[in-house]
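Scroll down for the structure; my scribbles are underneath it.
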Ligand SMILES: NC(=O)c1ccc[n+]([C@@H]2O[C@H](COP(=O)([O-])OP(=O)(O)OC[C@H]3O[C@@H](n4cnc5c(N)ncnc54)[C@H](OP(=O)(O)O)[C@@H]3O)[C@@H](O)[C@H]2O)c1
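Written out as structure tokens, the structure reads:
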């Protein structure tokens, strides 16, 4: 089934919108470097770019997308652009952040807008969601979701949506890889029709030399990054690997000509060590 995946494959969000299953991450790329990397990514066939207010590279990402679309004569709508809210700082503050992100990227609308993390407390999170829903209603944000939420945070937002008849989150972006499988959060998100997006799908390079990864790499004649990305896609996740290297950006797309077996996926799941590569606010108040 998953063998038929291609670089153009998309997952379908709850309202029918499509999100390309392989995206390009831009964390720790300054705006000018992000411009180059996003350009290489688009030239390599990615059609999904992940940025954030926090990364301070929305301008570089947006400009790279617009320049690519112009020079290749493709519509802006052919590229799926995500950005994220930095702070849960109240309805007015969030509304300003959304407008700032729109101005920075220059893309006219944002394909996916996420609450970057749950920090700030329940009231702040729900105010963020209320502001995001308003911008979604006006068409500025085509799809909306959350990132790095624990089950408590997810339940609270689902209850709020049901009380206020607000749209539910479509996407949950969270760290997911064989060394951090987050079974309970994954199961909960899936049960509520929320598509999972894997950040740090390459484990930030921290486990490329793990014997199980090396073994699969030799067996399939693929590099460790390609094994990890294939795992992500076969788990049904949207993966957003980052690289600053033209060569690695391209090689990370070469994952559609092989398949991991069910047993290999199970063996990879068994490597779970709840490894945190960046931050983990899933238990915050
Ligand atoms: N929502 C959140 O809270 C959150 C948190 C973290 C990340 N993210 C998003 O998820 C994206 C991906 O996560 P991440 O950047 O943390 O980690 P990642 O994609 O797992 O790993 C990136 C690292 O792997 C290296 N790399 C990439 N391709 C490689 C290859 N083929 N061979 C060897 N090394 C390779 C990169 O180095 P080079 O650059 O030198 O290639 C970089 O050091 C981010 O960029 C960001 O967009 C979201």
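Residue numbers (the UniProt record's numbering): 1 to 285.
Using N, Cα and C, we set each Cβ at its ideal position, and we do this for glycine too.
Next on the checklist: Would you say the beta carbon of residue 223 is closer than 7 angstroms to some non-hydrogen atom of ligand 1?
Outcome noted: Here residue 223 refers to the residue found at position 223 of the chain shown. Remark: the shortest separation between the CB of residue 223 and any heavy atom of ligand 1 falls under 7 angstroms.
Item to check | Helix, strand or coil at residue 83 [DSSP, three-state] | outcome: The count along the chain shown starts at 1 and reaches residue 83 at position 83. Residue 83: strand per DSSP, three-state reduction.
Next on the checklist: I need the straight-line Cα distance from residue 268 to residue 232, nearest angstrom please.
Outcome noted: Taking the chain shown and counting its residues from 1, the one referred to as residue 268 is at position 268. Taking the chain shown and counting its residues from 1, the one referred to as residue 232 is at position 232. Roughly 11 angstroms between the two C-alpha positions.
Checklist entry - For the 8 angstroms Cβ check, are there 3 or more pairs between the stretch 117 to 125 and the stretch 149 to 161? => result yes
Checklist entry - Applying the criterion that 16 or more other CB atoms from any shown protein chain within 10 Å of the CB defines a buried residue, is residue 1 buried or exposed? => result Numbered from 1 along the chain shown, position 1 holds the residue referred to as residue 1. Because the pLDDT at residue 1 is just 46, under 50, the model does not fix this residue reliably, and the point stays unresolved.
Checklist entry - Closest by CA to residue 66, which one among 100, 92, 96 and 104? => result Within the chain shown, the letter at position 66 stands for residue 66. Among 100, 92, 96 and 104, the Cα nearest to that of residue 66 is on 104.
Item to check | Inter-residue spacing [alpha-carbon to alpha-carbon] between residue 220 and residue 211 | outcome: Translated into the one-based positions of the chain shown, residue 220 becomes position 220. Translated into the one-based positions of the chain shown, residue 211 becomes position 211. Roughly 14 angstroms separates the two Cα atoms.
Next on the checklist: Strictly by DSSP, which residues pair up with residue 180?
Outcome noted: Looking up residue 180 in the chain shown gives position 180. Answer is 177.
Next on the checklist: I need the DSSP call for residue 150, collapsed to helix, strand or coil.
Outcome noted: To locate residue 150, count along the chain shown from 1; it is residue 150. DSSP, read as helix, strand or coil, puts residue 150 in coil.
Item to check | C-alpha gap between residue 76 and residue 62, whole angstroms | outcome: Position 76 of the chain shown, counting from 1, holds the residue named residue 76. Position 62 of the chain shown, counting from 1, holds the residue named residue 62. Those two C-alpha atoms are separated by around 10 angstroms.
Checklist entry - Which stretch, first to last residue, makes up the beta strand (DSSP E) that contains residue 129? => result Residue 129 sits at position 129 when you count from the first residue of the chain shown. Premise fails: residue 129 lies in the alpha helix (DSSP H), 122 to 137, not in any beta strand (DSSP E).
Next on the checklist: Does the beta-carbon of residue 153, which I'm using as the reference point, lie nearer than 7 angstroms to any heavy atom of ligand 2?
Outcome noted: You won't find ligand 2 in this model; what it holds is ligand 1.
Checklist entry - Among the residues of its own chain, which have a CB less than 7 angstroms from the CB of residue 47, if the five just before and after it don't count? => result If you number the chain shown from 1, residue 47 lands on position 47. The answer, listed in chain order, is 20, 78, 79 and 80.
Checklist entry - If you pair each beta-carbon of the stretch 172 to 185 with each one of the stretch 195 to 213, do three or more pairs fall below 8 angstroms? => result yes
Checklist entry - Would the beta-carbon of residue 85 fall within 8 angstroms of that of residue 116? => result Position 85 of the chain shown holds residue 85. Position 116 of the chain shown holds residue 116. A distance below 8 angstroms separates the beta carbons of residue 85 and residue 116.
Checklist entry - Taking C-alpha atoms, which residue in 241, 130, 69 and 138 lies nearest to residue 102? => result Numbered from 1 along the chain shown, position 102 holds the residue referred to as residue 102. It is 138.
Checklist entry - Can we count residue 173 as close to ligand 1, meaning its CB is less than 7 angstroms from some heavy atom? => result Here residue 173 is taken as the residue at index 173 of the chain shown, counted from 1. Yes, ligand 1 has a heavy atom inside 7 angstroms of this Cβ.
Checklist entry - When burial is assigned at 16 or more other CB atoms within 10 Å of the CB, is residue 129 buried or exposed? => result Within the chain shown, the letter at position 129 stands for residue 129. Its Cβ being crowded by 16 or more others within 10 Å, residue 129 is buried.
Item to check | Nonlocal neighbours in the same chain, by C-beta distance under 6 angstroms from residue 193, ignoring five residues either side | outcome: For the purposes of this step, residue 193 is identified with residue 193 of the chain shown, where counting begins at 1. Shown here for residue 193: same chain residues with a beta carbon closer than 6 angstroms to its own, the five before and five after excluded, namely 14 in chain order.
Item to check | DSSP state of residue 268 mapped onto helix, strand, coil | outcome: Here residue 268 is taken as the residue at index 268 of the chain shown, counted from 1. Here residue 268 sits in helix by DSSP.
Checklist entry - Taking DSSP as the reference, what is the three-state secondary structure of residue 1? => result Residue numbering aside, residue 1 sits at position 1 when the chain shown is read from its first letter. Its pLDDT being 46, under 50, residue 1 is placed unreliably in this model, and the value from its coordinates should be taken loosely. Of the three classes helix, strand and coil, the one that applies to residue 1 here is coil, per DSSP.
Item to check | Limits of the beta strand (DSSP E) - the one that residue 11 falls within | outcome: Here residue 11 refers to the residue found at position 11 of the chain shown. 10 to 12 is the span of the beta strand (DSSP E), which, as asked, contains residue 11.
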